[in-house]
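One structure below.
Residue numbers (this note's numbering): -3 to 411.
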């Protein structure tokens, strides 16, 4: 009897560990990709576009070109009024600029934002500090702003400069931009900029840009194009909306879309991927559940055999006053304990296996900070323990009823 019970518990252990490990692999894949995507851009920052058709992104963004709303200063004010919004800034871009560092020329782009809300945005400087609201000529350098692009055939290679952006903090740099006038002559404009800090990597355009005040960038744009900016009629091409936390991203997105603007956020990608990984976890958990189903059959078999071996004992208990519910509860308690003990041991084994899987994967795959192939959440542990106990309980119901219904006289007479 003891040996058979131990084998049954081992079956539950294998089943529980299988479910946990299989689901944890799905969790690990989701966590790895989610962490990677979260590092590309802030989940709490929404990119709002007036019209994506000019960039060939209408179909991807789901935007409409007809009856489009204008992303002008009035729209910026309306965006700020949405519940959960912390900061809103228009974005003005300027390309074709050049700066000279240690006699080396670097092509740069300016990304203009509203310095009045810079402190409320999710920008973090790794070195130096962010400019104040009135520091119009002060800028923040992107992490890779001094990186050069080299084209070799069909591939593009990045060449980092010997000078790091951090080396320029506190210095004044001169940026030059060029234009061709009506007579076909080239004109050059210089702009003094003071570097106050270096931006932490965002994975976006900011990494390769110089962050400047959008008023300054607008003025430079007007000089470069020779046209006055008509924001009221044409609007900004983009705005950045910073929200309180990720829990309000979807609500804010819905309200912005109701204003007929196109919205892109990292949360949208994470939400769509979440449903895919949920199906993957169910599939993997179902595969592991097969082992627990086999263990369930083992518990039924063990408890049924226990009835035959303890028939006389059951009869004696009934004769001395044990009720039908007492007999039934005793067998159900035994089967539940088998499931519970097997679940506990299975959890311990699955935790050890998870560590080994990640360790072995780290040795083969490598990478900084380790590799997460298997990720066991507290919720998964609680579910596995509860499920294994429930399997034990349900598996013992039929044998318990059968034991409780045995005749007392027939049970005592049995050998």
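Note that the Cβ used here is the ideal one computed from N, Cα and C, for glycine as well. All values derive from a computational prediction rather than experimental measurement.
Contact check, residue i vs residue j, beta carbons under 8 Å
{"i": "residue 135", "j": "residue 248", "result": "no"}
{"i": "residue 19", "j": "residue 376", "result": "yes"}
{"i": "residue 87", "j": "residue 113", "result": "no"}
{"i": "residue 165", "j": "residue 141", "result": "no"}
{"i": "residue 388", "j": "residue 15", "result": "no"}
{"i": "residue 189", "j": "residue 133", "result": "yes"}
{"i": "residue 208", "j": "residue 218", "result": "no"}
{"i": "residue 39", "j": "residue 262", "result": "yes"}
{"i": "residue 138", "j": "residue 202", "result": "yes"}
{"i": "residue 170", "j": "residue 186", "result": "yes"}
{"i": "residue 334", "j": "residue 293", "result": "no"}
{"i": "residue 41", "j": "residue 118", "result": "yes"}
{"i": "residue 7", "j": "residue 290", "result": "yes"}
{"i": "residue 275", "j": "residue 0", "result": "no"}
Close-in-space but distant-in-sequence residues of the same chain around residue i (CB under 6 Å, 5 per side omitted)
{"i": "residue 320", "result": "400"}
{"i": "residue 105", "result": "91, 205"}
{"i": "residue 392", "result": "299, 327, 328, 331"}
{"i": "residue 231", "result": "46, 66, 67, 68"}
{"i": "residue 120", "result": "196"}
{"i": "residue 168", "result": "188, 190"}
{"i": "residue 115", "result": "none"}
{"i": "residue 162", "result": "123, 194"}
{"i": "residue 259", "result": "42, 44, 249, 252, 253"}
Span of the alpha helix (DSSP H) around residue i
{"i": "residue 336", "result": "320 to 361"}
{"i": "residue 235", "result": "Residue 235 -> not in any alpha helix (DSSP H); beta strand (DSSP E) instead, spanning 234 to 239."}
{"i": "residue 312", "result": "307 to 315"}
{"i": "residue 249", "result": "245 to 254"}
{"i": "residue 135", "result": "Here residue 135 belongs to no alpha helix (DSSP H); instead the beta strand (DSSP E) covers 134 to 137."}
{"i": "residue 393", "result": "374 to 400"}
Residue i (DSSP reduced to helix, strand or coil)
{"i": "residue 80", "result": "coil"}
{"i": "residue 88", "result": "strand"}
{"i": "residue 260", "result": "strand"}
{"i": "residue 208", "result": "strand"}
{"i": "residue 5", "result": "helix"}
{"i": "residue 111", "result": "helix"}
{"i": "residue 164", "result": "helix"}
{"i": "residue 171", "result": "strand"}
{"i": "residue 57", "result": "Any reading at residue 57 is ruled out, since the residue's pLDDT is 41, under 50, leaving its predicted position unreliable."}
{"i": "residue 302", "result": "helix"}
{"i": "residue 46", "result": "coil"}
{"i": "residue 15", "result": "helix"}
{"i": "residue 128", "result": "coil"}
{"i": "residue 190", "result": "strand"}
{"i": "residue 73", "result": "helix"}
{"i": "residue 143", "result": "coil"}
{"i": "residue 283", "result": "helix"}
{"i": "residue -2", "result": "helix"}
{"i": "residue 184", "result": "strand"}
{"i": "residue 369", "result": "coil"}
{"i": "residue 10", "result": "helix"}
{"i": "residue 38", "result": "coil"}
{"i": "residue 104", "result": "strand"}
{"i": "residue 66", "result": "coil"}
{"i": "residue 96", "result": "strand"}
{"i": "residue 198", "result": "coil"}
Cβ-Cβ separation, residue j to residue i (assumed contact under 8 Å), whole Å
{"i": "residue 26", "j": "residue 273", "result": "4 Å"}
{"i": "residue 381", "j": "residue 339", "result": "5 Å"}
{"i": "residue 385", "j": "residue 336", "result": "5 Å"}
{"i": "residue 324", "j": "residue 397", "result": "6 Å"}
{"i": "residue 89", "j": "residue 107", "result": "6 Å"}
Check: residue i C-beta below 7 Å from any heavy atom of the ligand MG
{"i": "residue 13", "result": "As far as ligands go, the structure on display features none, and thus does not contain the ligand MG."}
Residues near residue i by beta carbon distance below 7 Å, same chain, minus five either side
{"i": "residue 413", "result": "Outside the displayed span of the chain (-3 to 411) sits residue 413, for which this structure offers no information."}
{"i": "residue 370", "result": "17, 20, 21, 24, 350, 353, 354"}
{"i": "residue 345", "result": "9, 13"}
{"i": "residue 124", "result": "165, 192, 193, 194"}
{"i": "residue 29", "result": "269"}
{"i": "residue 243", "result": "none"}
{"i": "residue 373", "result": "23"}
Contacts around residue i, its chain only, beta-carbon distance under 8 Å, and the 5 residues preceding and following it disregarded
{"i": "residue 75", "result": "44, 81, 84, 235, 237, 252, 255"}
{"i": "residue 310", "result": "303, 323, 399, 402, 407"}
{"i": "residue 128", "result": "111, 134"}
{"i": "residue 280", "result": "18, 19, 21, 22"}
{"i": "residue 126", "result": "114, 115, 119, 136, 192, 193"}
Boundaries (first-last residue) of the beta strand (DSSP E) holding residue i
{"i": "residue 230", "result": "It is not in any beta strand (DSSP E) - residue 230 instead sits in the alpha helix (DSSP H) that spans 227 to 230."}
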